[in-house]
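Colleague: Here it is, the structure in full.
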Amino acid sequence: EQFDAKLVAHPECPPEVLAEVDFVGSTTAMGKWLEREKPARVALITECSMADNLRSQFPATQFIKPCNLCPHMQRITLQNIYACLRDLKHVIEVPADVRVRARAALERMLAVGRREPV
């Protein structure tokens, strides 16, 4: 039997999964791909809530959603963020050469969020 849905995966999936799909990208990139390609059916290989967000944006597309829960995403709660900022106990040391490039990437990400040109 032929599978008639396009396969779309988040880049954090295992390499053997990424090698078999039609598109690999972030949630934002998936949205742009869906808008451009307009597939009738899509199997989203990503975290459950991310798939729900895309489904609401593209109601004409039928989504097959093998719900995957990311244990790391589940740990991000308002209480954990508050405790981290309050206690400053989860410090990450970043080497100077990486820090410069990482800061540039973060600045671009924040500019996109503010809808500024990057």
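Take the sequence shown: its position 64, counted from the start at 1, is 53 in my numbering, and no numbers get skipped.
Virtual Cβ for every residue (Gly too), placed ideally from N, Cα, C.
#1: Going by the CB atoms, is the gap between R92 and V107 shorter than 8 angstroms?
#2: Using only the alpha-carbon positions, how far apart do R100 and M19 sit?
#3: So, helix, strand or coil for I70, using DSSP?
#4: Rounded to whole angstroms, what's the CA-CA distance from Q68 to H79? Just pull it up for me.
#5: Taking the alpha-carbon of E9 as reference, which of F52, E82, R90, I34 has the nearest alpha-carbon?
#6: Just grab the DSSP bridge partners of R30 for me.
#7: Consult DSSP for K78 and reduce its assignment to one of helix, strand or coil.
#8: Mapping the DSSP letters down to three states, classify A(-2) as helix, strand or coil.
Modeller: With the structure as the only source:
#1: Here residue 107 is taken as the residue at index 118 of the sequence shown, counted from 1. Here residue 92 is taken as the residue at index 103 of the sequence shown, counted from 1. No, Cβ-Cβ distance for V107 and R92 is not below 8 angstroms.
#2: By one-based count along the sequence shown, residue 100 stands at place 111. By one-based count along the sequence shown, residue 19 stands at place 30. Strictly speaking, residue 100 in this sequence is Ala, with Arg absent from that position. Taking the straight line from one Cα to the other gives about 20 angstroms.
#3: On the sequence shown, position 81 is the one that residue 70 refers to. DSSP places I70 in helix when its eight states are reduced to three.
#4: As a working mapping, residue 68 is identified with position 79 in the sequence shown. As a working mapping, residue 79 is identified with position 90 in the sequence shown. C-alpha separation (whole angstroms): 14 angstroms.
#5: Counting from one through the sequence shown, the residue named residue 9 turns up at place 20. Residue I34 is the option with its Cα nearest to E9.
#6: Here residue 30 refers to the residue found at position 41 when the sequence shown is read from its first residue. R30 pairs with Q51.
#7: Here residue 78 refers to the residue found at position 89 of the sequence shown. DSSP places K78 in coil when its eight states are reduced to three.
#8: On the sequence shown, position 9 is the one that residue -2 refers to. The answer is strand: DSSP assigns A(-2) an E or B state.
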